[in-house]
Amino acid sequence: DVKVTQSSRYLVKRTGEKVFLECVQDMDHENMFWYRQDPGLGLRLIYFSYDVKMKEKGDIPEGYSVSREKKERFSLILESASTNQTSMYLCASSYPGLAARGDEQFFGPGTRLTVL
Amino acid sequence: AQKITQTQPGMFVQEKEAVTLDCTYDTSDQSYGLFWYKQPSSGEMIFLIYQGSYDEQNATEGRYSLNFQKARKSANLVISASQLGDSAMYFCAMNSGGGADGLTFGKGTHLIIQP
Numbered sequence: 786d787v788k789v790t791q792s793s794r795y796l797v798k799r800t801g802e803k804v805f806l807e808c809v810q811d812m813d814h815e816n817m818f819w820y821r822q823d824p825g826l827g828l829r830l831i832y833f834s835y836d837v838k839m840k841e842k843g844d845i846p847e848g849y850s851v852s853r854e855k856k857e858r859f860s861l862i863l864e865s866a867s868t869n870q871t872s873m874y875l876c877a878s879s880y881p882g883l884a885a886r887g888d889e890q891f892f893g894p895g896t897r898l899t900v901l
Numbered sequence: 205a206q207k208i209t210q211t212q213p214g215m216f217v218q219e220k221e222a223v224t225l226d227c228t229y230d231t232s233d234q235s236y237g238l239f240w241y242k243q244p245s246s247g248e249m250i251f252l253i254y255q256g257s258y259d260e261q262n263a264t265e266g267r268y269s270l271n272f273q274k275a276r277k278s279a280n281l282v283i284s285a286s287q288l289g290d291s292a293m294y295f296c297a298m299n300s301g302g303g304a305d306g307l308t309f310g311k312g313t314h315l316i317i318q319p
């Protein structure tokens, strides 16, 4: 059974702290993604990676960075957390070439981050 | 740039009725994919259905079908015989044909099925 796990379901941090959100997939997927979800805004793409050590900016990368040292692990880093980064963060992965399902993305359970 | 528009923030539907959730999209790509995801109150994102831009037939997955009207840039989700368990947020999304560049999501529709 496919599985994407995220290190925490809930996280509370202080303004200015460095925050790491970890995502691990066990499906040997090439592509991994980080989104944030806010009420009324849907999901927005922060960063994605199509290979180890590769990263690409999404639609809202400001204030974030990522790391992908191993194929199965994709980390989102908030260098200096701010209150406007309070949100639900969702990680996803996909394998290119599953044409019948259009590179369907498999999502983790999400991390609800609160920055005080 | 791609854009997804979902114009129904919320919908109330009687159990066993059919439901249509609206989705329009905008893209300059010739090759693209359209997706619908369901997000129950528990928070997980559940893949429902996919339509490729070159697929001539509308996609179907059990009670879900995607009404794809390419000229109108429309990709509405139809749920037949709705059930109480269908109550959830529904997101329309798209990507380019390559698939590796992430999904662009709409703002979602909150569907509530009433007994």
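Chains A and B are the protein sequences, given in the same order.
So this note's numbering is basically just the index in the first sequence, starting at one, shifted up by 785.
So this note's numbering is basically just the index in the second sequence, starting at one, shifted up by 204.
The C-beta atom is built at its ideal place from N, Cα and C for all residues, glycine as well.
Computed from a prediction, not measured in an experiment: that's the story for all the values here.
1) So if I threshold CB-CB distances at 7 Å, which residues from the region 887-898 of chain A count as touching chain B?
2) In terms of alpha-carbon separation, which member of B/210, B/237, B/209, B/224 lies closest to residue 889 of chain A?
3) My output table needs one value for residue 233 of chain B: the three-state DSSP class, helix, strand or coil.
4) Determine, for residue 320 of chain B, whether the minimum Cβ-Cβ distance to residues of chain A falls below 7 Å.
5) Write down every uninterrupted run of the beta strand (DSSP E) in the region 260-307 of chain B whose length is 3 residues or greater and which is fully enclosed by it, in chain order.
6) Would you say residue 865 of chain A and residue 807 of chain A are within 7 Å of each other, going by their C-beta atoms?
7) Looking at chain A, is there any beta carbon in it that lies within less than 7 Å of the beta carbon of residue 214 of chain B?
8) Report the residues of the region 794-817 of chain A with a CB closer than 9 Å to any CB of chain B, ordered along the chain.
9) In chain order, what residues of the same chain lie with their CB nearer than 8 Å to the CB of residue 841 of chain A, ignoring the 5 residues before and after it?
10) What's the call for residue 317 of chain B, buried or exposed, on a 16-neighbour Cβ count within 10 Å?
11) For residue 870 of chain A, which three-state DSSP category applies?
12) Would you mind stating whether residue 243 of chain B and residue 293 of chain B have Cβ atoms separated by less than 7 Å?
13) Of all the residues that make up the region 217-248 of chain B, which are near chain A by a beta-carbon distance shorter than 7 Å?
14) What did DSSP end up calling residue 878 of chain A once you bin it into helix, strand or coil?
15) Just curious, the beta strand (DSSP E) that residue 823 of chain A is in, first and last residue?
16) Kindly indicate which three-state DSSP category residue 826 of chain A falls into: helix, strand or coil?
17) When DSSP labels each residue in this structure, what does residue 808 of chain A get in the three-state scheme?
18) Please return the same chain residues whose Cβ sits closer than 6 Å to the Cβ of residue 299 of chain B, not counting the five positions on each side in sequence.
19) Roughly how many angstroms lie between the CA atoms of residue 856 of chain A and residue 811 of chain A, to the nearest whole one?
20) Mind the definition here: the region 866-883 of chain A touches the region 273-292 of chain B only if three or more C-beta pairs lie below 8 Å; say whether that holds.
21) Distance cutoff 7 Å, beta carbons only. Does residue 207 of chain B sit that close to anything in chain A?
22) Sorted by chain position, which residues of the same chain lie with C-beta nearer than 8 Å to residue 258 of chain B's C-beta, five sequence neighbours on each side aside?
23) Nearest to residue 858 of chain A by alpha carbon, out of A/818, A/901, A/825?
According to the structure shown:
1) 887, 888, 889, 890, 892, 894, 895
2) Of the candidates B/210, B/237, B/209, B/224, the one whose C-alpha sits nearest the C-alpha of residue 889 of chain A is B/237.
3) In the structure shown, the three-state DSSP call for residue 233 of chain B is coil.
4) A question about residue 320 of chain B goes unanswered here, because the residues of chain B that appear run from 205 up to 319.
5) 268-273, 278-283, 292-300
6) no
7) no
8) 794, 815, 816
9) 832, 833, 834, 835
10) buried
11) DSSP places residue 870 of chain A in helix when its eight states are reduced to three.
12) yes
13) Listed in sequence order: 237, 239, 247, 248.
14) strand
15) 816-823
16) Look at residue 826 of chain A here: in three-state DSSP terms it is coil, with no helix or strand label.
17) Looking at residue 808 of chain A - three-state DSSP - the assignment turns out to be strand.
18) Counting only Cβ-Cβ distances below 6 Å, and skipping sequence neighbours, we find 237, 307.
19) 10 Å
20) no
21) no
22) 235
23) Of A/818, A/901, A/825, the smallest CA-CA separation from residue 858 of chain A is found for A/818.
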